[in-house]
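Residue numbers (numbering that gives the first Met the number 0), protein chains in the order written: chain A, 0 to 83; chain B, 0 to 235.
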Amino acid sequence: MTATESGMSLEDGMRLSGMSYPELWLRHISLSGAIGEMELEAYVLGLLVPDDYQHNMIAQALNEYFIELGQDLPVGYRDTATAG
Amino acid sequence: MNTHEQWSELLRAVSQPAAYPALDVLLRQAVELGSQLTPEAVSCSITELAGGDEYHTPVYSDQLALDLDNAHYEAGDGPCMAAARDQQRQYFDAATDTKRFPGFAEAAIDRGVRSSISLPLPSSRRSAALNLYASSRYAFDAERPRAVADLLARCVAVLMTPSDTDLLPPEATVAEDKLHAARARAQLIDRAEAALTAQQALSRQDALTTLIRRSRAEARSIFEVAREVVEAEKTL
Numbered sequence: 000m001t002a003t004e005s006g007m008s009l010e011d012g013m014r015l016s017g018m019s020y021p022e023l024w025l026r027h028i029s030l031s032g033a034i035g036e037m038e039l040e041a042y043v044l045g046l047l048v049p050d051d052y053q054h055n056m057i058a059q060a061l062n063e064y065f066i067e068l069g070q071d072l073p074v075g076y077r078d079t080a081t082a083g
Numbered sequence: 000m001n002t003h004e005q006w007s008e009l010l011r012a013v014s015q016p017a018a019y020p021a022l023d024v025l026l027r028q029a030v031e032l033g034s035q036l037t038p039e040a041v042s043c044s045i046t047e048l049a050g051g052d053e054y055h056t057p058v059y060s061d062q063l064a065l066d067l068d069n070a071h072y073e074a075g076d077g078p079c080m081a082a083a084r085d086q087q088r089q090y091f092d093a094a095t096d097t098k099r100f101p102g103f104a105e106a107a108i109d110r111g112v113r114s115s116i117s118l119p120l121p122s123s124r125r126s127a128a129l130n131l132y133a134s135s136r137y138a139f140d141a142e143r144p145r146a147v148a149d150l151l152a153r154c155v156a157v158l159m160t161p162s163d164t165d166l167l168p169p170e171a172t173v174a175e176d177k178l179h180a181a182r183a184r185a186q187l188i189d190r191a192e193a194a195l196t197a198q199q200a201l202s203r204q205d206a207l208t209t210l211i212r213r214s215r216a217e218a219r220s221i222f223e224v225a226r227e228v229v230e231a232e233k234t235l
């Protein structure tokens with residue numbers, strides 16, 4: 000597993016957004032995500048360890064919220080493959 | 000099994016309880032997780048109304064949890080009974096709640112327990128609560144232990160009453176129009192992934208990573224990026 004790049008953790012990003020878990024789950028579904036809401040919650044809380052792909056999908060679901068507000072993407076991605 | 004593996008197994012069972020005949024084993028695993036929920040957490044148990052006014056403790060992490068639950072029952076009240084009875088979360092602080100729950104407070108202090116949280120286990124069929132006990136004050140005041148305890152309680156509720164239709168997965172209760180809209184947006188992502196897969200011989204995972212990379216580099220929505228990819232595919 001690669002280290003999380005600079006940026007917020009999923010948990011901190013979730014807290015900053017103020018979103019509810021059902022809302023995040025819908026955003027995850029929008030990205031073609033397929034996990035259940037409780038599993039998603041466990042990933043965000045660090046109770047389950049996502050692989051890089053799952054982490055980046057959840058990070059993107061969170062960052063989409065901030066993009067809609069015209070803000071930067073605060074949640075960190077893993078793996079240099081997503082680096083611009 | 001480490002804690003991550005225990006959570007993983009628990010959540011798999013919650014999503015498919017019928018596939019796990021030994022739910023009692025998983026409930027014991029759940030209270031073990033509860034007893035380690037924070038560095039200060041020391042014990043965990045499940046209180047259930049057995050019939051009439053009689054409460055009992057069907058699952059517990061250790062003797063301390065059982066002794067504390069029994070102190071509730073002997074005193075006739077306490078945070079775990081209140082949580083199960085009133086279906087409301089109960090916090091207990093040994094320094095300030097001695098008058099609210101005198102019998103239980105004395106037992107808790109004698110055993111070195113300084114705080115607890117009891118969470119109702121939602122069900123239409125039974126009154127029950129998940130209890131977590133800690134050796135320090137304020138152990139459950141922070142947002143994170145409360146969030147983890149809440150998730151654990153929802154897992155336990157499903158495992159205790161797996162056929163309870165009131166305990167549908169949270170995703171099943173999301174408004175249909177919102178779910179429909181989310182799935183419609185997912186189709187755009189799917190089409191963009193398919194286009195990238197065809198053009199660049201990428202896997203689906205790599206195609207999504209490509210979309211994320213562009214979203215990140217250009218600081219714009221992945222859906223805008225996906226739309227561009229799909230439109231570009233049409234012109235080829």
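All residues carry an ideal CB built from backbone N, CA and C; glycine is no exception.
Just so you know, these numbers come straight off a predicted model, no measurement behind them.
Listed along chain B are Leu207, Ile211, each with a C-beta nearer than 9 Å to that of Met56 (chain A). Distance from the CA atom of Glu47 (chain B) to the CA atom of Met0 (chain B), rounded to whole angstroms, is 28 Å.
Counting the other CB atoms within 10 Å of its CB gives Thr95 (chain B) a total below 16, which places it among the exposed residues. Going by DSSP, Ser14 (chain B) is part of the alpha helix (DSSP H) stretching over 2-14.
Of all residues in the region 16-48 of chain A, the ones placed with a Cβ closer than 7 Å to any Cβ belonging to chain B are Pro21, Trp24, Leu25, Ile28, Ser29, Leu30, Ser31, Gly35, Glu36, Met37, Glu38, Glu40, Ala41, Leu44, Leu46, Leu47, Val48, in chain order. Cβ atoms of Ser42 (chain B) and Leu63 (chain B) come within 8 Å of each other, at about 5 Å. Under the three-pair Cβ rule at 8 Å, the region 51-60 of chain B does not count as touching the region 62-80 of chain A.
Contact annotation, Pro73 (chain A) with Gly6 (chain A): C-beta distance approximately 6 Å; criterion of less than 8 Å satisfied. Bridge partners of Tyr59 (chain B) according to DSSP: B:Ser44. For Arg88 (chain B), the secondary structure class from DSSP, reduced to helix, strand or coil, is coil. The straight-line gap separating the alpha-carbon atoms of Gln59 (chain A) and Gln199 (chain B) is approximately 22 Å. For Tyr52 (chain A), the C-beta contacts it makes with chain B under 8 Å involve Gln204, Leu207, Thr208, in order along the chain. For Tyr20 (chain A), the enclosing alpha helix (DSSP H) stretches over residues 20-29.
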